[in-house]
Each structure stands twice: as C-alpha cells, then as structure tokens.
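Numbering (this note's numbering), first residue to last: 8 to 268. Where a beta carbon is used, it is the ideal one built from N, C-alpha and C, also for glycine. All of these numbers come straight from a predicted model, not from anything done at the bench. Contents: one structure, followed by commentary.
Here's what the structure looks like:
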C-alpha cells in the first residue's frame, strides 16, 4: 500500500535518513522503532507529506507522493488520519466540535449527519458521553482517545500514530494499544505507529521496522525481531543500557576533549 524507496534527508551535514526503504502492507499494523533523534519523526513527516525528502520516493498505491506539489497532496491527505503525540486538540472547542472540524472542512454534510458521525466516532473510542466537554475537562488518556476519534472522522484508509502511548499510565497505554488493534481488525484500517513502546508493539504488530543510524536495521514480525541475533536489535527490544548503542554521543577522546576543546 505504501512503499518507501531509498529516502534520504539531511539537516545541514547531519544525515537523518540515509537510504531508508520499507513497505507498509494494506490492512496491517506496522510499528517503527528507533533511538531518540534517529529519524522516526522525520520519516513520519515524509510519509504524510508534511516534509519533503532530499531524494527517494514515497508511493501510496499507484501515486508517487514525492513528485506532487503541496496542493496536489490534498486528495491523499483526506485518505489518511493522524494521531499526534500530544493529541493537538483545540482547547477552545468541545470534544464534539474537535471531531466535527475535519468533517465540516472537507464535506458538505448537514449538521444532523455530522452530529451522528461525531457520536459514532466517539463510540469507537468509548467516549460517547463526553461530546460536550472541553479537552481541559478530561484526562490525558481521554484526550488521546478523542484525538484518535478525530483522526477517524473522514474514514481514512491509513492512520499514522506518533507515540500514541507516550506519557500515559500502563493501563491507559494498554487501552490505546487495544484500540489500535480493534480499529485494524474491525474496520480494516492500515496503522503505522512510531513509538518507543516495545512491549505494546510486540502484542499487536504485524510488522516491526527498526531504524538505526538513518537506515533500516531490521524488519520482520515480532517473533522474527525477538529472535534476531543482531546485538543492536536485542538492545532495542530489551532496553538494556549496556550494548553497542552507547550512552555517550561523542566519539572524541574524553581527555583530549577536556584539554584541547
């Protein structure tokens, strides 16, 4: 459904993505791991058309997104949903108004139909009775679920998730993970999740992709990733502080750095 071929992205001399290639299968759940600052968010922005790569190709079905002008990307954007890391709800609008916003912007449906659609989306995330509250009146976990309902407003084919369980307690994180699995299973939505939550991913992912040093280090099913003999992969999935991924980012000699600067 989505194919990425040899994507490169630089910030100055820093190679954030250095030849990333991967494939997202239709109606599957794909998780993307990587170190902090390792290019996950940059790749996500490129996938949704919010950022241009310096080279390479992103294809959505038969459409090559990387050749389109911004305005030409609008039809593609209506086919996807996005759950931002912090929800990105509009605090001046009620829960229901937040969900209704993309429907009002991109359709000509009347208010009666929109209200029914809002209730349906809220019911999908278990919050049908919270339509008239403001984001500040509900918990962080509920805000994430409302943001997910908004991402579903236009019945997208694909939903992208940026750290969907970040900052949530273990119970709420499990609820969000279950919602992702349910949406995929019940509605056939393709899900692409950028996260550090390894254990949650292992429960529901069809495919896991690990980015490291701007490239795809490993990809496969959870079972294949767990069974990998690569020490970097093992350090990722165990979270061990000891391993080939160093805590110290610099490669300079410590004593020389102190004395010479």
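Q. Is residue 113 helix, strand or coil by DSSP?
A. One-based indexing of the chain shown puts residue 113 at position 106. Here residue 113 sits in helix by DSSP.
Q) Helix, strand or coil: how does DSSP classify residue 63 here? A) Residue 63 sits at position 56 when you count from the first residue of the chain shown. It is a strand residue.
Q: For residue 31, write down the residues that DSSP places opposite it in a beta bridge.
A: Within the chain shown, the letter at position 24 stands for residue 31. In the DSSP output, where bridge partners are listed per residue, residue 31 has 9.
Q.
According to DSSP, simplified to helix, strand and coil, what is residue 170?
A. Start at 1 with the first residue of the chain shown, and residue 170 comes out as number 163. DSSP places residue 170 in coil when its eight states are reduced to three.
**Q.** Straight-line gap, residue 65 to residue 206 (C-alpha atoms, nearest Å)
**A.** Numbered from 1 along the chain shown, position 58 holds the residue referred to as residue 65. Numbered from 1 along the chain shown, position 199 holds the residue referred to as residue 206. Distance between the alpha carbons of residue 65 and residue 206 is about 29 Å.
**Q.** With 16 other Cβ atoms within 10 Å as the buried cut-off, status of residue 24
**A.** Counting from 1 along the chain shown, the entry for residue 24 is found at position 17. It is buried - the Cβ of residue 24 has at least 16 other Cβ atoms within 10 Å.
Q) With respect to the alpha helix (DSSP H) encompassing residue 151, which residues constitute its N-terminal and C-terminal limits? A) Taking the chain shown and counting its residues from 1, the one referred to as residue 151 is at position 144. Residues 147-158.
Q) CB-CB under 6 Å to residue 39, same chain, minus the five flanking residues each way: which ones, in chain order? A) Working through the chain shown from its first residue, we reach residue 39 at position 32. Answer for residue 39: 47, 201, 216, listed in chain order.
Q: Can you say whether residue 221 is buried or exposed, counting buried as having 16 or more other CB atoms within 10 angstroms of its CB?
A: Taking the chain shown and counting its residues from 1, the one referred to as residue 221 is at position 214. It is buried - the Cβ of residue 221 has at least 16 other Cβ atoms within 10 Å.
Q | Within 8 Å, strictly: CB atoms of residue 138 and residue 126 | A | Taking the chain shown and counting its residues from 1, the one referred to as residue 138 is at position 131. Taking the chain shown and counting its residues from 1, the one referred to as residue 126 is at position 119. In contact: residue 138 and residue 126 (Cβ atoms closer than 8 Å).
**Q.** Between the CA atoms of residue 178 and residue 158 - distance to the nearest angstrom
**A.** The residue labelled residue 158 in the question sits at position 151 within the chain shown. The residue labelled residue 178 in the question sits at position 171 within the chain shown. Rounded to whole angstroms, residue 158 to residue 178 spans 22 Å at the Cα level.
Q.
Quick check: residue 154 and residue 110, are their CB atoms within less than 8 Å of each other?
A. As a first step, residue 154 must be located in the chain shown, where it is residue number 147. As a first step, residue 110 must be located in the chain shown, where it is residue number 103. Not in contact: residue 154 and residue 110 (Cβ atoms no closer than 8 Å).
Q.
For residue 27, count the other beta carbons within 10 Å of its own beta carbon; 16 or more makes it buried, fewer makes it exposed. Which is it?
A. Translated into positions along the chain shown, residue 27 becomes position 20. Answer is buried; the Cβ neighbour count reaches 16.
Q.
Can you list, in chain order, the residues of its chain with a C-beta nearer than 6 Å to that of residue 17? Leave out the 5 residues immediately preceding and following it.
A. By 1-based counting over the chain shown, the position of residue 17 is 10. Contacts found: 61.
**Q.** Distance, residue 101 Cα to residue 121 Cα
**A.** By 1-based counting over the chain shown, the position of residue 121 is 114. By 1-based counting over the chain shown, the position of residue 101 is 94. Distance between the alpha carbons of residue 121 and residue 101 is about 14 Å.
Q: List the endpoints of the continuous alpha helix (DSSP H) containing residue 132.
A: If you number the chain shown from 1, residue 132 lands on position 125. Run containing residue 132: none; DSSP gives neither H nor E here.
Q) For the alpha helix (DSSP H) that contains residue 239, what are its first and last residues? A) Against the chain shown, residue 239 aligns to sequence position 232. 238-245 is the extent of the alpha helix (DSSP H) around residue 239.
Q: Since I believe residue 241 is in contact with residue 252 (beta carbons under 8 Å), could you give me their beta-carbon distance rounded to a whole number of angstroms?
A: By 1-based counting over the chain shown, the position of residue 252 is 245. By 1-based counting over the chain shown, the position of residue 241 is 234. Between residue 241 and residue 252 the Cβ distance is about 10 Å, and since that is not below 8 Å, they are no contact.
Q: Taking all protein chains shown into account, decide if residue 171 is buried (16 or more other Cβ within 10 angstroms of its Cβ) or exposed.
A: Locating residue 171 in the chain shown gives position 164, where the first residue counts as 1. By the 10 Å Cβ count, residue 171 comes out buried.
Q | Check whether residue 174 and residue 133 have beta carbons under 8 Å apart | A | Position 167 of the chain shown, counted from the first residue, corresponds to residue 174. Position 126 of the chain shown, counted from the first residue, corresponds to residue 133. Not in contact: residue 174 and residue 133 (Cβ atoms no closer than 8 Å).
Q) For the putative contact between residue 218 and residue 58, defined by C-beta atoms under 8 Å, what is the C-beta separation to the nearest angstrom? A) Taking the first residue of the chain shown as position 1, residue 218 is located at position 211. Taking the first residue of the chain shown as position 1, residue 58 is located at position 51. In fact, because the Cβ distance is near 15 Å, the residues do not count as touching under 8 Å.
Q. What does a CB cutoff of less than 6 Å around residue 232 pick up in its chain, not counting 5 residues either side in sequence?
A. Counting from one through the chain shown, the residue named residue 232 turns up at place 225. Closer than 6 Å at Cβ, skipping near neighbours: 215.
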